[in-house]
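Colleague: Please read through the structure below; I'll follow up with questions.
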Amino acid sequence: MIVERKSHRTRIRQLAALHRLQPTLLRQVNTSSALHLSPALPAKYIRVRRANDPRIRLLSASAPSRMIVTPLTKLLGIRVPVVQGGMQWVGVPQLVAAVSEAGGLGVLTALTQPSPEALRTAIRETRKLTSKPFGVNITLLPSINPPDYEGYARAAVEEGIRIFETAGNNPGPLIKYFKSQGCVVLHKCTTIRHAKSAERLGVDVLSIDGFECAGHPGEEDIGGLVLLARAVKELKVPFIASGGIADGRGFAAALALGAAGVNMGTRFMATVESPIHQNIKDKIVASTETDTVHIFRTLRNTARVFKNKISMEVVALERRPGGAKFEDLRELVSGARGRQVYELGDPEYGIWSAGIAVGLINDIPTCKELITTLERDVEEIIGQMTGLVQASSKL
Numbered sequence: 025m026i027v028e029r030k031s032h033r034t035r036i037r038q039l040a041a042l043h044r045l046q047p048t049l050l051r052q053v054n055t056s057s058a059l060h061l062s063p064a065l066p067a068k069y070i071r072v073r074r075a076n077d078p079r080i081r082l083l084s085a086s087a088p089s090r091m092i093v094t095p096l097t098k099l100l101g102i103r104v105p106v107v108q109g110g111m112q113w114v115g116v117p118q119l120v121a122a123v124s125e126a127g128g129l130g131v132l133t134a135l136t137q138p139s140p141e142a143l144r145t146a147i148r149e150t151r152k153l154t155s156k157p158f159g160v161n162i163t164l165l166p167s168i169n170p171p172d173y174e175g176y177a178r179a180a181v182e183e184g185i186r187i188f189e190t191a192g193n194n195p196g197p198l199i200k201y202f203k204s205q206g207c208v209v210l211h212k213c214t215t216i217r218h219a220k221s222a223e224r225l226g227v228d229v230l231s232i233d234g235f236e237c238a239g240h241p242g243e244e245d246i247g248g249l250v251l252l253a254r255a256v257k258e259l260k261v262p263f264i265a266s267g268g269i270a271d272g273r274g275f276a277a278a279l280a281l282g283a284a285g286v287n288m289g290t291r292f293m294a295t296v297e298s299p300i301h302q303n304i305k306d307k308i309v310a311s312t313e314t315d316t317v318h319i320f321r322t323l324r325n326t327a328r329v330f331k332n333k334i335s336m337e338v339v340a341l342e343r344r345p346g347g348a349k350f351e352d353l354r355e356l357v358s359g360a361r362g363r364q365v366y367e368l369g370d371p372e373y374g375i376w377s378a379g380i381a382v383g384l385i386n387d388i389p390t391c392k393e394l395i396t397t398l399e400r401d402v403e404e405i406i407g408q409m410t411g412l413v414q415a416s417s418k419l
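So the sequence shown is numbered by the working numbering: it starts at 25 and just counts up by one.
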């Protein structure tokens with residue numbers, strides 16, 4: 025790559041042509057995650073010329089229209105490779121639309137809605153708020169009386185949804201149906217073994233969830249650094265990073281590790297458009313990375329949740345001699361109690377999900393402010409890193 029400073033006259037000519045060219049800082053050059061970066065030069069405009077790419081790209085130090093372009097942004101038609109993952113009671117129209125309007129991918133949580141027909145209504149409400157792409161999450165969890173997964177899936181497809189996030193047990197039939205309808209499927213996995221299985225099922229993108237994530241991190245306790253480093257070597261489809269990401273440094277690290285984007289949940293809970301009670305948002309801001317705990321360890325259905333008196337009571341019951349059965353925990357972990365935490369604002373009332381990213385959250389921005397900050401910080405961090413590679417000394 026040859027980088028040339030431009031003369032003043034040439035810069036003026038380039039400014040006149042700005043409306044015909046798409047400014048970009050980062051350009052994905054193939055389906056892998058390799059990024060071509062602009063050097064951090066003081067000149068406002070530079071020209072980037074490659075041996076195999078004679079086109080000239082304008083890189084403005086202040087242009088807000090610059091983009092991070094990856095396989096994810098191309099596939100989904102979004103501006104920023106940030107996904108707001110599905111979250112029970114949180115992934116509702118107002119948040120989803122705000123994320124999509126800000127340039128990311130908002131995701132409705134299907135099972136937050138009481139029925140497939142209610143999901144139809146939520147999809148229509150979201151469309152009134154944004155014309156940008158958004159998706160629907162369907163998570164398959166063990167249940168004595170499972171929800172009408174097929175009904176939710178059919179309702180979403182019939183409403184025109186073409187992007188789905190899936191997670192949980194035995195997703196094969198659901199993935200097969202979505203692919204038969206021409207949909208794009210992002211599937212969450214907590215191990216590379218499961219990711220390869222999902223890849224064989226035909227998913228388009230994998231969400232690699234590290235041990236840091238909220239909700240269900242699996243039973244193998246593998247952090248994101250190792251999972252992502254393995255994913256880039258062993259997976260054939262693009263993947264995004266999930267778990268422990270809440271700022272530009274985590275975002276930039278994910279890109280460096282080979283991810284095509286990031287999935288964030290806990291960070292989006294603490295935004296203006298998040299539907300949860302202000303007290304809970306404030307609690308997230310006040311918390312540290314030590315304020316979460318795992319429950320259901322002994323049941324082999326581990327979940328990372330916020331550490332409060334209820335979750336610690338569950339842990340104590342599991343640790344007692346003889347352990348605990350789900351029936352012993354049912355009342356404490358009731359989903360209805362968790363929902364009331366978000367509605368009434370008492371963080372001690374029930375079980376609610378939170379990832380260790382709470383330790384990185386210090387404010388409650390709008391989704392637009394959050395995503396704009398992420399973009400700016402990623403640009404700055406990657407720009408700083410380019411200066412780390414220098415010609416070797418002859419000494």
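Glycine is no exception: its CB is placed at the ideal position from the N, C-alpha and C atoms.
(1) Could you please give the first and the last residue of the uninterrupted alpha helix (DSSP H) stretch that includes aspartate 401?
(2) According to DSSP, is alanine 415 helix, strand or coil?
(3) Within 10 angstroms of the Cβ of glycine 234, are there 16 or more other Cβ atoms? Answer buried if so, exposed if not.
(4) Could you pull out every residue in the same chain whose Cβ sits closer than 6 Å to the Cβ of aspartate 401, ignoring the five residues on either side in sequence?
(5) Which first and last residues belong to the alpha helix (DSSP H) in which glutamate 183 is found?
(6) So the candidates are Thr163, Pro117 and Cys213; which of them puts its Cα closest to the Cα of isoleucine 156?
(7) Judging by CA-CA distance, which residue of Glu243, Pro197 and Ala294 is the nearest neighbour of valine 382?
(8) Hey, how far is the Cα of valine 208 from the Cα of valine 181?
(9) Buried or exposed: which applies to glycine 128, given that a residue is buried once 16 or more other Cβ atoms fall within 10 Å of its Cβ?
(10) Around the Cβ of isoleucine 380, are there at least 16 other Cβ atoms within 10 angstroms (buried) or fewer (exposed)?
(11) Could you tell me whether the region 166–180 touches the region 223–242, where touching means 3 or more Cβ pairs closer than 8 Å?
(12) By the 10 Å Cβ neighbour count, where 16 or more other Cβ atoms means buried, how is asparagine 332 classified, buried or exposed?
(13) By DSSP's criteria, alanine 191 is part of a beta bridge. Which residues make up the other side?
(14) Can you give the Cα-Cα distance for leucine 61 and glutamine 137, rounded to whole angstroms?
(15) Measuring straight from C-alpha to C-alpha, what distance separates lysine 229 and serine 417?
(16) Return the chain-ordered ranges of every beta strand (DSSP E) run that is complete within the region 304–349 and spans a minimum of 3 residues.
(17) Count the other CB atoms within 10 Å of the CB of glutamate 189; is the residue buried (16 or more) or exposed (fewer)?
(18) Helix, strand or coil: how does DSSP classify alanine 265 here?
Modeller: Reading off the structure:
(1) 391–410
(2) coil
(3) Within 10 angstroms of the beta-carbon of glycine 234 lie 16 or more other beta-carbons, which makes it buried.
(4) Gly272
(5) Taken as a continuous stretch (DSSP letters only), glutamate 183 belongs to no alpha helix (DSSP H), as it is neither H nor E.
(6) The question names isoleucine, but residue 156 in the sequence shown is lysine. Closest by alpha carbon: Pro117.
(7) The shortest C-alpha separation from valine 382 is found at Ala294.
(8) Each residue's Cα considered, the two are about 11 Å apart.
(9) buried
(10) buried
(11) no
(12) buried
(13) Thr163.
(14) Because leucine 61 sits at a pLDDT of 38, beneath the cut-off of 50, its placement in the model cannot be relied upon, and the following sentence gives the value as read from the coordinates. Their backbone Cα atoms lie some 43 Å apart in a straight line.
(15) Here the sequence assigns valine to residue 229, which means lysine is not the residue at that position. If you take the alpha carbons of valine 229 and serine 417, they lie about 42 Å apart.
(16) 316–319 and 327–330
(17) buried
(18) strand
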